[in-house]
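Enquirer:
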Amino acid sequence: MFFLLRIQTFVRFMRGNCPQTILTDLDPGLRDAIQTDLPATKHVISVWNILSKVYSWFFQPLGSRFAEFKSEFDTLCRLETTEEFELQWNQMISVFRFNADKHIVLLYSFRSSWAPSYTRGYLLARMATTVYSKSVDGFLKGIFNAQTCLRSFFEQVSISANFQNQARPEMQYMYTKTCIPIEEHARSILTPFVFNEFQHELALSMQYATSEMANGSYIVRHFKKMDGERLVIWVPEDEQIHCSCKEFESSGLLCRHALRVFIVKNYFQLPEKYYLNRWRRESSLVFYEENGTQHSNDDWIPEFQCLMENLFAESSITRERSDYARSELTKQVARILNEVGNMPEAEGVAMDVTLSPNG
Ligand SMILES: [Zn+2]
Numbered sequence: 001m002f003f004l005l006r007i008q009t010f011v012r013f014m015r016g017n018c019p020q021t022i023l024t025d026l027d028p029g030l031r032d033a034i035q036t037d038l039p040a041t042k043h044v045i046s047v048w049n050i051l052s053k054v055y056s057w058f059f060q061p062l063g064s065r066f067a068e069f070k071s072e073f074d075t076l077c078r079l080e081t082t083e084e085f086e087l088q089w090n091q092m093i094s095v096f097r098f099n100a101d102k103h104i105v106l107l108y109s110f111r112s113s114w115a116p117s118y119t120r121g122y123l124l125a126r127m128a129t130t131v132y133s134k135s136v137d138g139f140l141k142g143i144f145n146a147q148t149c150l151r152s153f154f155e156q157v158s159i160s161a162n163f164q165n166q167a168r169p170e171m172q173y174m175y176t177k178t179c180i181p182i183e184e185h186a187r188s189i190l191t192p193f194v195f196n197e198f199q200h201e202l203a204l205s206m207q208y209a210t211s212e213m214a215n216g217s218y219i220v221r222h223f224k225k226m227d228g229e230r231l232v233i234w235v236p237e238d239e240q241i242h243c244s245c246k247e248f249e250s251s252g253l254l255c256r257h258a259l260r261v262f263i264v265k266n267y268f269q270l271p272e273k274y275y276l277n278r279w280r281r282e283s284s285l286v287f288y289e290e291n292g293t294q295h296s297n298d299d300w301i302p303e304f305q306c307l308m309e310n311l312f313a314e315s316s317i318t319r320e321r322s323d324y325a326r327s328e329l330t331k332q333v334a335r336i337l338n339e340v341g342n343m344p345e346a347e348g349v350a351m352d353v354t355l356s357p358n359g
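Under full-length UniProt numbering, the first residue of the sequence shown carries the number 1, and numbering increases by one thereafter.
Right, here's the structure in full:
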């Protein structure tokens, strides 16, 4: 009942539009409410959320066999098809004699929500990845405590979002990494975060060979790996592309296999429909500061912007650097925000916040 009312309020708030996908924690009550009120919505639980429970549930009963179990469980999370999942799951149950374990029963009953072989192809926009889940978790832990009220929570989120918007108006840290015209075009459209992901796939696409089939589709293979070939279906009439890895359907970003086919077909720009609105710079939230830029004449802001530009330039060189910088920055900024928010609003000598005539 508790969840049902909240979901109904959420749907009303969305003017009756139900989401395609909903990401939640593992909770049977929540699942039942979603099945009742959002029957057409795919319910997904991040694998990270599941993996974070695996240790506490199975370490003690398994003892020295836990590492072997964890390795089997990780393999389950990498399988592509539901048939492979079912087979591997049954093997795991019999090897570890888990038939009556309540947590195993719970995990199995939720498998269509957390196992990637069941969730692949549903739009998650990269929000179920471990990196994203950890970053959200870290951010929330940084701004939440037992005394945090809902209003303060929204204020903190808003301040953090505005901070990120302020810090990214320049394109100078979005370096191109290839000479492929598609990359230059994508740079003018995508937000920095998504461009970085796109760039990664585009660079890797050069490691794949294509073979055209009689019906106009392509088999795409990595130059080293003999297995894992992908079928890319190409429909020329309306420039549709579908890859068997279902990356575009899952994340809204084209995979390396589909990009390879676009390159082979001499595309210099991707069709517009492959740049989803949610990933476009023009659709991202624009920062509008109320009351003008009343503190912009403070000396520390340009100095800080300069530091941030250097940080973005250095961080964008590798994915590892960028992930680290993003995670640390989010944590530290959330911590400072918390501390600043707890400081008194009035001080002995009032800060001069008037704008200079040419400020
Ligand atoms: Zn693909």
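In this text, a Cβ means the ideal position worked out from N, Cα and C, and glycines have one as well. Computed from a prediction, not measured in an experiment: that's the story for all the values here.
Output needed for I317: all residues of its chain with C-beta closer than 8 Å, excluding positions within five of it in sequence on either side, in chain order.
Expert: By 1-based counting over the sequence shown, the position of residue 317 is 317. Nothing meets the Cβ criterion.
Enquirer: Is it buried or exposed, S251, if we count other Cβ atoms within 10 angstroms and call 16 or more buried?
Expert: To locate residue 251, count along the sequence shown from 1; it is residue 251. Answer is buried; the Cβ neighbour count reaches 16.
Enquirer: Please classify R280: does DSSP put it in a helix, a strand, or coil?
Expert: Along the sequence shown, one-based indexing puts residue 280 at 280. Of the three classes helix, strand and coil, the one that applies to R280 here is strand, per DSSP.
Enquirer: Measure the CB-CB distance between I189 and Y275 and report whether it falls below 7 Å.
Expert: The residue labelled residue 189 in the question sits at position 189 within the sequence shown. The residue labelled residue 275 in the question sits at position 275 within the sequence shown. In contact: I189 and Y275 (Cβ atoms closer than 7 Å).
Enquirer: Taking 7 Å as the cut-off, decide whether the C-beta atoms of I50 and W114 are in contact.
Expert: Numbered from 1 along the sequence shown, position 50 holds the residue referred to as residue 50. Numbered from 1 along the sequence shown, position 114 holds the residue referred to as residue 114. Yes. Within cutoff.
Enquirer: Can you pull the DSSP bridge partners for H103?
Expert: As a first step, residue 103 is located in the sequence shown; it is residue number 103 there, counting from the start. Partner(s): none; H103 has no beta bridge.
Enquirer: Quick check on DSSP: helix, strand or coil for P357?
Expert: Position 357 of the sequence shown, counted from the first residue, corresponds to residue 357. Note that P357 scores a pLDDT of 38, beneath 50, so its modelled location is shaky and nothing firm can be said.
Enquirer: Sorry if obvious, but does the Cβ on C245 come closer than 6 Å to a heavy atom of ligand 1?
Expert: Residue 245 sits at position 245 when you count from the first residue of the sequence shown. C245 Cβ: within cutoff of ligand 1.
Enquirer: Would you tell me roughly how many angstroms separate the C-alpha atoms of P19 and F153, rounded to the nearest one?
Expert: Here residue 19 corresponds to residue number 19 of the sequence shown, with the count starting at 1. Here residue 153 corresponds to residue number 153 of the sequence shown, with the count starting at 1. Going by the C-alpha atoms only, they are around 23 Å apart.
Enquirer: Could you tell me which of R256, D238, E197, V235 sits nearest to R221, measuring between CA atoms?
Expert: Here residue 221 corresponds to residue number 221 of the sequence shown, with the count starting at 1. Minimum Cα distance to R221 is reached at R256.
Enquirer: Shorter than 6 Å, the distance from the beta carbon of R230 to the closest heavy atom of ligand 1, or not?
Expert: Residue numbering aside, residue 230 sits at position 230 when the sequence shown is read from its first letter. R230 Cβ: within cutoff of ligand 1.
Enquirer: Any heavy atom of ligand 1 closer than 6 Å to the CB of H242?
Expert: Taking the sequence shown and counting its residues from 1, the one referred to as residue 242 is at position 242. H242: no, Cβ never under 6 Å from ligand 1.
Enquirer: Could you tell me whether any non-hydrogen atom of ligand 1 is closer than 6 Å to the CB of H222?
Expert: Taking the first residue of the sequence shown as 1, we reach residue 222 at position 222. Not under cutoff, so the answer is no.
Enquirer: Please give the ranges of any alpha helix (DSSP H) in the segment 1-80, keeping only runs that are unbroken, at least 4 residues long and fully inside the region.
Expert: Qualifying alpha helix (DSSP H) stretches, in chain order: 2-13, 28-37, 47-62, 66-76.
Enquirer: Does DSSP put I159 in a helix, in a strand, or in coil?
Expert: Residue mapping note: residue 159 aligns to position 159 of the sequence shown, counting from 1. It is helical.
Enquirer: Under 7 Å between the Cβ atoms of L76 and Q88?
Expert: On the sequence shown, residue 76 is found 76 positions in, with the first residue counted as 1. On the sequence shown, residue 88 is found 88 positions in, with the first residue counted as 1. Cβ atoms of L76 and Q88: closer than 7 Å.
Enquirer: Check E212 in the structure and name its three-state DSSP category.
Expert: For the purposes of this step, residue 212 is taken as residue 212 along the sequence shown, with counting starting at 1. Three-state DSSP puts E212 in a strand.
Enquirer: Under three-state DSSP, which class holds Y218?
Expert: Along the sequence shown, one-based indexing puts residue 218 at 218. Strand.
Enquirer: List the residues that DSSP assigns as beta-bridge partners of L230.
Expert: Counting from one through the sequence shown, the residue named residue 230 turns up at place 230. The question names Leu, yet the displayed sequence has Arg at residue 230. Note: R230 sits in a beta bridge opposite V220.
Enquirer: For residue 367, does the count of other Cβ atoms within 10 angstroms reach 16, so buried, or fall short, so exposed?
Expert: Only positions 1 to 359 of the chain appear in the structure, and residue 367 is not among them; the question remains open.
Enquirer: Following the continuous beta strand (DSSP E) through I241, name the residue where it begins and the one where it ends.
Expert: Within the sequence shown, numbered from 1, the residue matching residue 241 stands at position 241. Segment 240-243, the beta strand (DSSP E) holding I241.
Enquirer: Beta carbon of residue 403, beta carbon of M127: below 7 Å?
Expert: Here the chain covers residues 1 to 359 and nothing more, so residue 403 does not appear.
Enquirer: May I ask you to check if the CB of H200 is nearer than 6 Å to at least one heavy atom of ligand 1?
Expert: One-based indexing of the sequence shown puts residue 200 at position 200. Outside the cutoff, so no.
Enquirer: Go through its chain and collect everything with a Cβ distance to L231's Cβ below 7 Å, but skip five positions before and after it.
Expert: Position 231 of the sequence shown, counting from 1, holds the residue named residue 231. Cβ neighbours of L231 beyond the five flanking positions: S217, I219, S244.
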